[in-house]
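Below: one structure, written as structure tokens.
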């Protein structure tokens, strides 16, 4: 029915073992920019016993520059911003920063570079799905756009939209965040709490859930109000008292 | 005597009609056992097993929900110890500073690893699931 995969090896430690032979990240060709070097994008299938999310993170194999960035080894390129700018130029700085904050939380909680690497790969693959082609500099110093592609999600064919949604989910699962999509808005949840939402261009902004809840609570009485349900027994008591007054003669047989 | 009986009857009717409305306000959940227990399961997963993937959570929840709906007498009581065991599994790494026993399983001492796996196995077996654990993978069916 399902499998629960316990992480038996330190993912950070296993990544570090590859660090020694690659001391010159700037000259290392970034595997994330070519299909042949990104096994997750090829036909690699999830081995039995691993979930899709775990597999995507495991096989994304970030290169040395990415590992350094995730580990905070300075000077490290800001791969997240660079990838968003290169592959998803429609995403504003505000949301890039929010995503970076989620990556930071993930790293602080012990998450290895494979997770953020998976997210970067998915950003690139979403760009590819939208028809965008980019030549990324090996040292992440810049990039060249060779094909613009589509920048608006809602202008994509329905099938491609579905693929993009799945890629967003896959990428965010790499950093332990759950992504959902409804009515033009992506919501990103961690441990049951919505971290932020992103409404694609052209879709209507949803009413913030917190505001709706607060309003509903106020309408229902809240802490300072009076709950309508209490009106029911109160009304019954009043009606009962009225009946007692009206029929007191019959009930108590008061003689005039 | 008759008037006393009538008075008692009126008061009984008043209380009888008022109680359900007041009971609806009790903070004990929705009143729907299946929904409440499934929601508890969700809370326990979030609080104690944050590393449990959504797919696994949903699969376990679905199984428990179906069980509760079809045979509440059989599932209801075991659910209490299942929730307790989920908590114990999650707390297995508490003394070692590990909050996520699934994704940081490698950080646990041998004893804590055994506890985490055993408690989670017991939790799932408690709700009539079959559990096998091998090489870090717990297969639940």
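Residue numbers (our numbering), protein chains in the order written: chain A, 1 to 256; chain B, 1 to 141. We put the CB at the ideal spot given by N, CA and C, even for glycine.
*State the DSSP-derived secondary structure class of residue 33(B), mapped to helix, strand or coil.*
helix
*The alpha helix (DSSP H) with residue 114(B) in it runs from where to where?*
110-126
*asked:* With a threshold of 7 Å between beta-carbons, can residue 3(A) be considered close to chain B, or not?
replied: yes
*Locate the beta strand (DSSP E) running through residue 76(B), then write down its first and last residues.*
Taken as a continuous stretch (DSSP letters only), residue 76(B) belongs to no beta strand (DSSP E), being part of the alpha helix (DSSP H) at 72-90.
*Tell me whether residue 134(B) is buried or exposed, calling it buried when 16 or more other Cβ atoms sit within 10 Å of its Cβ.*
exposed
*asked:* Just to confirm before moving on: does the CB-CB distance between residue 103(A) and residue 116(A) stay below 7 Å?
replied: yes
*Roughly how many whole angstroms lie between the Cα atoms of residue 140(B) and residue 87(B)?*
18 Å
*Between residue 126(B) and residue 82(B), which are expected to be in contact by the criterion C-beta below 8 Å, what is the C-beta distance as a whole number of angstroms?*
4 Å
*Is residue 4(A) helix, strand or coil by DSSP?*
strand
*Listed in chain order, which residues of the segment 39-59 of chain B have Cβ atoms closer than 7 Å to some Cβ of chain A?*
46, 50, 52, 53, 54, 55, 56 and 59
*asked:* I'd like to know whether the C-beta of residue 88(A) is nearer than 7 Å to at least one C-beta of chain B.
replied: no
*DSSP three-state assignment for residue 190(A), whether helix, strand or coil*: strand
*Does the count of Cβ pairs from the segment 173-192 of chain A and the segment 117-134 of chain A closer than 8 Å reach three?*
yes
*Alpha carbon to alpha carbon, how far is residue 121(B) from residue 126(A)?*
39 Å
_Measuring straight from C-alpha to C-alpha, what distance separates residue 182(A) and residue 132(B)?_
37 Å
*asked:* If we define contact as Cβ-Cβ less than 7 Å, is residue 93(B) a contact residue for chain A?
replied: no
_Same chain, Cβ closer than 6 Å to residue 50(B), five either side skipped, listed in chain order_ = 100
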